[in-house]
Amino acid sequence: MPMQAPAVASVNQALPTVRWGMIALVFSATAINYLDRQTLSVVAPLLRDQFGMSNVAYSRVVFAFMLAFTVMNGVSGPLLDRIGVRAGYALCMAWWSAAAVLHAFARNAWHLGVCRFLLGMAEAGNWPAGVKVVTEWFPDRERATASGIFNSGAAVAAIAAPPLVVWIVRSLGWPAAFAIVGASGFLWILFWWPNYYTPAEPRGAPPPSGVPLGKLLRNRFVWSFTLSKVFIDPVWYFYAFWFPEYLKRVRQFDLASIGKYAWIPFLAAALGNLLGGWTAAFLLRCGLSLSVARKTAVTFFVVMMASGIPAVLVGNAGVSIAWVSLALAGYTGSAANMMAFPADVFPKNLVGSVYGLASMGSGFGGMLFSLITGWVIDHYSYVPVFMGFGITPLIGVLILWTWLGPLRPTSEFA
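Residue numbering for the sequence shown follows the working numbering, beginning at 19 and increasing consecutively.
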């Protein structure tokens, strides 16, 4: 049954069961988003051999996705603020699901690159949309928890992807894996469209107003938050896109073994999302200010991301997977808190735009580091890559403490 809007509903008055139902819809969309994305990561060892792709060639396919993802983050956020999250999210889902299905018809690396570009264009809308839903439905003390829950959809999908995709590939072939996973998004739209609504503003709230893009870009929070994501977010893209490849090329895993074990770090990532939200709530209960609590939680989890360094140095594959698991839990714990940053500072009608612009930094970092990753692996090994992704997030957290400023509502855009 569709969830009906109460006569007067605000972010603080809405029934808890309703708002958690809304976040469940975003969780499932995020899971589909990453299932579509991770299908290639799981099938990559097979397709690289079939299409004769080097590490550099594969990095260019990843780059195509990240290029579209980066550009469209700057478009999808303002678009969602303009047309609303209900219509905007459905549009993004329909587009990326169709693009995912198109992968089934790829016959060479160029085809894959085009399909990944189309996928990245629409998948960019998922996180600005999710952040808008959290902002519309949750008070500030619950936002990190709600963000962690919906963001854990990515980790849950990454857990499911290796065994699910390997099973489909071995049963029906790799084109069927793309087609079946891609089609799931159209089913989601059937649930989203009749159920989602935006809660009414409290009486006396000012009407939303547009803000010129240039003014947002000149805001210190926006550019420093964007810059921090350049150094933090590529860690996730590295493990999401390259970890199955690492297991095959370095740890000598076959496709069946990848299906059995590649999901384990992403289980830790799912738990990291929840732990990130709990940590911020705990620090707030201890009396820390919102700004200090959020930044302290991010710092703790970013330090955990350095666990990728011993992961590449140990001889035992199981121990290596354990270290990678800790690193991914660190990433998602930090991400759950950083997703709440824009809503702590900006009014609701700008949150999608701010997070979309900041995610351009995420995408730019992913593009840059993806190309560097392929080149370094081809010319050296995975060792300097793992070390780099263990260290660079520390630069991001340093930016948060020194340049971002305090997390408090701004009057500049009121």
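All C-beta atoms, glycine included, are put in the ideal place defined by N, C-alpha and C.
Problem set entry | Length of the line joining the Cα atoms of L64 and M71 | 10 Å
Exercise. Cβ of V183 within 8 Å of Cβ of V61?
Worked result: yes
Exercise. Are three or more beta carbon pairs between the region 285-300 and the region 347-360 nearer than 8 Å?
Worked result: yes
For this session: Under 6 Å Cβ to Cβ from R55, same chain only, skipping five residues before and after it: list those, please.
Result: none
Problem set entry | Cβ shell of C133 (< 7 Å), same chain only, five flanking positions each side left out | A117, L120, H121 and A124
Exercise. To the nearest angstrom, how far is it from the Cα of I167 to the Cα of M357?
Worked result: 11 Å
For this session: For the region 389-403 and the region 230-242, state whether three or more C-beta atom pairs, one from each stretch, are separated by less than 8 Å.
Result: no
Exercise. Which residues bound the alpha helix (DSSP H) around W145?
Worked result: N144 to W155
Exercise. Tell me which same chain residues have a C-beta within less than 8 Å of the C-beta of F261, skipping the five on either side of it?
Worked result: S59, A280, P283 and V342
Exercise. With 16 as the cutoff for other CB atoms within 10 Å, does S246 come out buried or exposed?
Worked result: buried
Exercise. Going straight from the alpha carbon of W419 to that of L425, what length do you get?
Worked result: 11 Å
Exercise. Among residues of its own chain, excluding the 5 on either side of P427, which ones have a beta-carbon nearer than 6 Å to its beta-carbon?
Worked result: none
Exercise. Run through DSSP, which three-state label would F364 get?
Worked result: coil
For this session: Take the Cβ of S338 as the centre, count every other Cβ of all protein chains shown within 10 Å, and call the residue buried at 16 or more, exposed below.
Result: buried
For this session: Could you tell me the distance, in whole angstroms, from the CA atom of A194 to the CA atom of G203?
Result: 15 Å
Exercise. Out of curiosity, what's the CA-to-CA distance linking R221 and P157?
Worked result: Residue placement at R221 is poorly supported in this model, since its pLDDT is 47, which falls under 50; the coordinates still yield a value, given next. Distance between the alpha carbons of R221 and P157 is about 17 Å.
Exercise. Taking Cβ to Cβ, would you say A361 is nearer than 8 Å to R161?
Worked result: yes
Exercise. Ends of the alpha helix (DSSP H) at N237?
Worked result: From DSSP, N237 is part of no alpha helix (DSSP H); its letter is neither H nor E.
Exercise. How about W114 and N51: are their beta carbons less than 8 Å apart?
Worked result: yes
Exercise. Would you call A274 buried or exposed, if buried means 16 or more other Cβ atoms sit within 10 Å of its Cβ?
Worked result: exposed
Exercise. Roughly how many whole angstroms lie between the Cα atoms of I101 and Y107?
Worked result: 10 Å
For this session: State the start and end residues of the unbroken alpha helix (DSSP H) segment that holds A82.
Result: N73 to I101
Exercise. Start and end of the alpha helix (DSSP H) containing F256?
Worked result: P252 to R267
Exercise. Is it true that the CB of M385 sits closer than 8 Å to the CB of L137?
Worked result: no
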